[in-house]
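K.L.:
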Amino acid sequence: RKCEPITMTVPRKSDLFQDDLYPDTQGPDAALDAEEWMSGKNADPILISLRDGYIPPKNRELKFAKKNMLDNKPPLGPRRSYSTCESNFSRVTMEELMDEIKSLKVIVQSQERRITELENKLSKFTNGTA
Numbered sequence: 002r003k004c005e006p007i008t009m010t011v012p013r014k015s016d017l018f019q020d021d022l023y024p025d026t027q028g029p030d031a032a033l034d035a036e037e038w039m040s041g042k043n044a045d046p047i048l049i050s051l052r053d054g055y056i057p058p059k060n061r062e063l064k065f066a067k068k069n070m071l072d073n074k075p076p077l078g079p080r081r082s083y084s085t086c087e088s089n090f091s092r093v094t095m096e097e098l099m100d101e102i103k104s105l106k107v108i109v110q111s112q113e114r115r116i117t118e119l120e121n122k123l124s125k126f127t128n129g130t131a
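In my numbering, the protein residues as written are 2 to 131.
1. Starting from GLU36, trace the alpha helix (DSSP H) in both directions and tell me its first and last residue.
2. CB PRO46 to CB GLN19, shorter than 7 Å?
3. In its own chain, which residues sit with a C-beta less than 8 Å from the C-beta of ASP25, not counting the 5 before and 5 after it?
4. Can you tell me whether ILE56 is helix, strand or coil according to DSSP?
5. Let me make sure I understand the geometry here. Which of PRO29, ASP34, LEU33 has the alpha-carbon closest to that of TYR55?
6. So, under 8 Å CB-CB, ALA44 and ALA35 are touching, yes? Tell me the CB distance rounded to an integer number of Å.
7. Determine the direct distance from the alpha carbon of LEU98 to that of ASN105, and round the result to whole angstroms.
Okay, structure coming up:
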């Protein structure tokens, strides 16, 4: 078995642009806006020729019109201000809620102190001073 070199002649040894080797390609501009695509439209991409080389556009603005999703919903009904609402909470219920809030604040403060202590211990441990 022998390896023999095969001589080939390369066709098209030319500096001219050859359209069949470099067909038109998709350009940077969108064929459809997002709204058009979401509405179900479809379109082929906008093609550009590479004959003169690719020159990127200098300014590309993002243009869109965002629709408010709440415009499609019916109104919930007449709104009442807080001052006109009837108070359904009794005084006892309100005091219970206030006590619970106070106890939760105490818990949060104690956990913050504990976290601070643990962070200090960790920093001493990682710095090698412990």
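The beta carbon of each residue, even a glycine, is placed where N, CA and C say it ideally should be.
P.N.:
On the basis of the coordinates in this document:
1. As a working note, residue 36 is residue 35 in the sequence shown. Unbroken alpha helix (DSSP H) run through GLU36: 35-39.
2. Residue numbering aside, residue 46 sits at position 45 when the sequence shown is read from its first letter. Residue numbering aside, residue 19 sits at position 18 when the sequence shown is read from its first letter. Against a cut-off of 7 Å, the Cβ pair of GLN19 and PRO46 comes out as no contact.
3. In the sequence shown, counting from the first residue as 1, residue 25 sits at position 24. Excluding residues within five positions, the ones whose Cβ falls inside 8 Å are LEU48, ILE49, SER50, LEU51.
4. Position 55 of the sequence shown, counted from the start, is the residue given in the question as residue 56. Residue state, collapsed to three classes: coil.
5. For the purposes of this step, residue 55 is taken as residue 54 along the sequence shown, with counting starting at 1. It is PRO29.
6. What you label residue 44 is simply residue 43 of the sequence shown in a count that begins at 1. What you label residue 35 is simply residue 34 of the sequence shown in a count that begins at 1. Not a contact, Cβ separation roughly 13 Å.
7. If you number the sequence shown from 1, residue 105 lands on position 104. If you number the sequence shown from 1, residue 98 lands on position 97. It should be pointed out that residue 105 corresponds to Leu in this sequence rather than to Asn. Rounded to the nearest angstrom, the two C-alpha atoms are 11 Å apart.
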